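Structure, as structure tokens:
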Amino acid sequence: FGFVDFIEDFEVASKLFEVAENYLREQGMEGIHGPLGFCDLDPEGMLTSGFEYTGTFTTLYNHPYYPEYVKRLGYVEDAEWIEYELKVPEVIPEQLKSVAEYAKNRHGAFVMSLESKSEIKQIAPKIFDLINVCYKDLYSVVELTEKQKEHYINMYFNILDPRYIRVIQNKEGEPIAFGLGFPSLAKAMQKHNGKLLPLGLLDIYKTLKKPTRLELLLIAVRPDYKRKGINAILICEMVELCNKLNIRTVDLNPQLVMNFDVRGQWKHFESVPNKTRAAFFKSLA
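Okay, so the sequence shown: first residue is 5 according to this note's numbering, each after it adds one.
Printed below as a string of structure tokens:
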């Protein structure tokens, strides 16, 4: 299940899930889990802590009673994500810099130069190929179809700023890793209650031109290049970019608690875990 909303009334929530569960039983389903989207690029997980913190662009907010009601309905946690607020150091840690330089020399890895939106769209299909390969073993991931890739390219890659995209290639010119960030628009949207007009667009434009906070949306390294220092190149690039733009804070998108490889790459930085999310499961047998 996904995209679920209900008022603070347990009877209402109970009836909503009862109807959905009965329908699924009629279709021969044996279990239900969520909240999840149609693919891994959609919002996933229900907020379970950190309700007082500002959310990121790719996540959904819910009130504290949501997980409470879901548990009362017999659902149990099936997966958990954690989010971090990361402080950007003014100087790249020496150990991280050394690992990045070693990876460049050892594997012939280099950062691809992207200077225009047309170049971004040209490389976009290969980025989605990387997503399919790198994320395939993560919770609830289903491979993106060609039609889905086209949909997300048209939705996101027309508005992305080349400054916030880093693609790493090997010496053969194959993309082996990428990182994707975006300026946080949360404060600008809150200021105008989510309305773009009459002045919302102006503040969004100002934020895009001079951001103070960055959201790290996606980061991935091809499996055969994992634990070879490639991620250090991406992180060094991110720190350099943030320092150049005077960005001092980065919000990390939800990361699976059990994904120790991803969580471990932030050990060089001062970071605070500020939100958790969970997907829930219930047997329909």
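All C-beta atoms, glycine included, are put in the ideal place defined by N, C-alpha and C. None of the values given here were measured: they were computed from a predicted structure.
With contacts defined as CB atoms closer than 7 Å, Ala-192 and Cys-138 fail to qualify as a contacting pair. His-155 and Ile-96 have their C-alpha atoms roughly 37 Å apart. If you check the CB distance, Gly-41 and Pro-47 come in under 7 Å. In the DSSP assignment, Val-137 falls within the unbroken alpha helix (DSSP H) covering 121–139.
Between Val-171 and Met-242, the C-beta gap is not smaller than 7 Å, which leaves the two residues out of contact.
Residue pairing by DSSP puts Asp-255 in a beta bridge opposite Glu-89 and Glu-219. In the structure shown, Gln-173 adopts extended strand secondary structure according to DSSP, grouped into three states. CA-to-CA, the gap between Gly-78 and Pro-68 works out to about 17 Å. Only residues of its own chain outside the window of five on either side were considered, and among them Tyr-88 and Leu-90 have a CB closer than 6 Å to the CB of Ser-275, listed in chain order.
Taking a C-beta distance under 7 Å as the contact criterion, Ile-131 and Gln-259 do not qualify as a contact pair. DSSP places Leu-184 in the uninterrupted beta strand (DSSP E) bounded by 179–187. The beta carbons of His-37 and Asp-82 sit closer together than 7 Å.
For the pair Glu-105 and Ile-237, the Cα-to-Cα distance works out to about 8 Å. Comparing C-alpha distances from Lys-248 to each of Gly-59, Asn-278, Thr-280 and Glu-94 shows the shortest one belongs to Glu-94. In this structure, the CA atom of Asn-109 is about 16 Å from the CA atom of Gln-99. Counting only the Cα atoms, Lys-75 lies some 16 Å from Ile-11.
In the three-state reduction of the DSSP assignment, Ala-289 falls in the coil class.
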